[in-house]
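S.K.: Residue 43 in full-length UniProt numbering sits at position 43 of the sequence shown, with consecutive numbering throughout. The beta carbon of each residue, even a glycine, is placed where N, CA and C say it ideally should be.
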Amino acid sequence: MQDLYDVTIIGGGPAGLYSTFYSGLRGLKTKLIESQEQLGGKVLLYPEKLIWDIGGHPPILGEQFVKQLIAQAKTFKPTMLTSTKVDFIERQGDLFVIHTAQGEKHYSKTVLLAVGGGIINPQKLTLEGAEKYEMSNLHYTVQSYKRFVNKDIIISGGGNAALDWAVELSPIAKNVTIVYRKDTLSAHEATIQEALDVGVQIECNTTITKLSANPDKTAIQFVTCENSRTNQSYTRQIDEVIVSHGYNREASLTFDEAIAIPKKDDYYFEGKATGETAQPGIFAAGDILSFEGKIHLLLGTFQDAANAVNSIKTYLEPTAHRHAVVSSHNEVFKEKNRSIIENSLSK
Ligand SMILES: Cc1cc2nc3c(=O)[nH]c(=O)nc-3n(C[C@H](O)[C@H](O)[C@H](O)COP(=O)(O)OP(=O)(O)OC[C@H]3O[C@@H](n4cnc5c(N)ncnc54)[C@H](O)[C@@H]3O)c2cc1C
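#1: Residues in its own chain within less than 7 Å of alanine 285 by CB, not counting five upstream and five downstream?
#2: Whole angstroms is fine: what's the gap from leucine 32's alpha carbon to methionine 80's?
#3: Work out the CA separation of lysine 272 and glycine 92 for me, nearest whole Å.
#4: Would you call isoleucine 295 buried or exposed, if buried means 16 or more other Cβ atoms sit within 10 Å of its Cβ?
#5: Span of the alpha helix (DSSP H) holding glutamine 64?
#6: Mark threonine 126 as exposed unless 16 or more other C-beta atoms lie within 10 angstroms of its C-beta, in which case mark it buried.
#7: Under the assumption that isoleucine 178 contacts alanine 162 (Cβ atoms under 8 Å), give the Cβ distance between them as a whole number of angstroms.
#8: Exposed or buried, aspartate 164, counting other C-beta atoms within 10 Å across all chains shown (16 or more means buried)?
#9: Can you give the beta carbon distance from valine 43 to phenylalanine 65, rounded, assuming they're within the 8 Å contact cut?
#10: Count the other CB atoms within 10 Å of the CB of glutamine 279; is the residue buried (16 or more) or exposed (fewer)?
#11: Is the beta carbon of threonine 82 less than 8 Å from the beta carbon of leucine 39?
#12: Applying the 10 Å Cβ sphere with the 16-neighbour rule, what's the burial state of asparagine 137?
#13: From serine 228 to glutamine 201, what distance separates their C-alpha atoms?
#14: List the endpoints of the continuous beta strand (DSSP E) containing glutamine 221.
#15: Quick check on the DSSP output: what are the complete beta strand (DSSP E) runs of length 3 or more inside the region 94 to 158, in order along the chain?
#16: What are the boundary residues of the alpha helix (DSSP H) that includes glutamine 193?
#17: Closest by CA to histidine 188, which one among Thr8, Asn160, Gln237?
#18: Taking the C-alpha atoms as reference points, what is the distance between phenylalanine 96 and glycine 56?
#19: Output the distance between the C-alpha atoms of glycine 11 and serine 290, rounded to the nearest integer angstrom.
#20: How many Å lie between glutamate 342 and glutamate 331 at the Cα?
#21: Got a sec? Which residues, its chain only, sit under 6 Å from lysine 49 by beta carbon, not counting five neighbours each side?
#22: Is the number of C-beta pairs between the region 312 to 327 and the region 23 to 30 that are closer than 8 Å three or more?
#23: Should threonine 184 be listed as close to ligand 1, given that the test is whether its C-beta is under 7 Å from any heavy atom?
What follows is the structure in C-alpha cells.
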C-alpha cells in the first residue's frame, strides 16, 4: 500500500490551499491533489483583479494572492500533486481509497473535499477555427493589462466579469466595446453605469459571427458582428477580442455506493458549518459546501477550512483540542518570530 495520509484534500483552490496549511498546523499528515496544472482555483481566472475584501489585508492582485496562498500551504511540507484529477472515492474499512483519472490510488484516513465549482473551464467561442487565435489575440481571461494598452478591444458578454474587464481596461485602451446577444446586460446596474461613465460602448442584441485573420494568419484582424433586432451586420478592425461567456463546470467526482452525501441543487454538498458531511470521514470546505449562512467568497473558504480541519483533527483524535493552539507558539514559526523580535530590538 502507498503511504497512508491523515487527510487528503481534493482541490487546490483557496479552500484547499488554506486547509493544507491549517492541517499542517494541527500536525496532520497531509496530501493535496489538484486537477489543473496550476494551484489557485478560480482566482487563476482573475490574476489582474484587485481583491479588496480580505479582512485586514490591503487590496491585492489575484496573482499575488495565489502565490502567497501557495507559499503558506507549503509551510508544513505537505505532499502536493497537480495535474491529477480525482474521479472516484471508495471506502475500504476505516480508510478511503482515492482513484485518479491517471490510474493512481491514494490512501487516506479522511478526505476533505475542496473542489469549489468543480473543474472550471471558460465557455469557448463556437466559431469555426477560433481556437487557433487563443495563442494570439483571443482571450478568455485577462492575464496582463499591459497587453491591452492603446488597443481597440471588443468584449463579448454581458455579465459582471465582462463589464468589470471593460471598466478596468477602458482607461488604458484606445477603445472598448461590449457586445451582448440579449436585450439587456445581466451585470449589476452600478457596474453598467460605471462602464458607461468611463466611455465603454455597449451594443446589445449583438453577436460576433465571424473572425477574420491578418495576412499572415497569426491573429484576428477583423470581427463581424450581427444585430439580431435589425438583422444588420458590420465588420470592423480590432486588436484584441475578449470572450466572457461564463464557465463550464466539470463535476466528475463520484463515490462508491457506501458513500452517500446529500447534494443541494444537484451540485453543492450539504454539510455543516463545522465542515462535516453526512458521511463520517468525509469533510468539505469552500464553495462546494452548502449550509445556512455559508459565504461563497474567499473569506468563507478560510473559515470553512479551519473548521473542517479542526473537525478532522477531533475525528481522528477525539481527545484533541477542538481548535488549534495559538499558532505563533508553533515550532515552525519560532525562527521567524525570533528574527522579528531581534529586528525590532535592534531598531
Ligand atoms: C471572476 C471572479 C471574481 C471573484 N472575485 C472575488 C473577490 O473579489 N473576493 C472574494 O472574496 N471572492 C471572489 N470570487 C470568489 C472566489 O474566487 C471563490 O469563492 C473561491 O475561489 C472559492 O475557492 P474554493 O477553493 O472553494 O474553490 P475553487 O477556487 O473553485 O477551487 C477548486 C479547485 O478544485 C479543483 N478540482 C475540482 N474538481 C477536482 C477533482 N475532481 N480533482 C482534483 N481537483 C479538482 C479545481 O481545479 C480548482 O482548482 C471571485 C470569483 C470569480 C469567478
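M.R.: According to the structure shown:
#1: Ala15, Ser19, Leu112, Ala114, Gly275, Thr301, Asp304, Ala305, Ala308
#2: 5 Å
#3: Checking the sequence, you will find glutamine at residue 92 rather than glycine. Approximately 24 Å between the Cα atoms of the pair.
#4: exposed
#5: 62 to 73
#6: exposed
#7: 6 Å
#8: buried
#9: 6 Å
#10: buried
#11: yes
#12: buried
#13: 18 Å
#14: 220 to 227
#15: 95 to 100, 105 to 113, 119 to 122, 152 to 156
#16: 189 to 197
#17: Asn160
#18: 38 Å
#19: 16 Å
#20: 17 Å
#21: Gly62
#22: yes
#23: no
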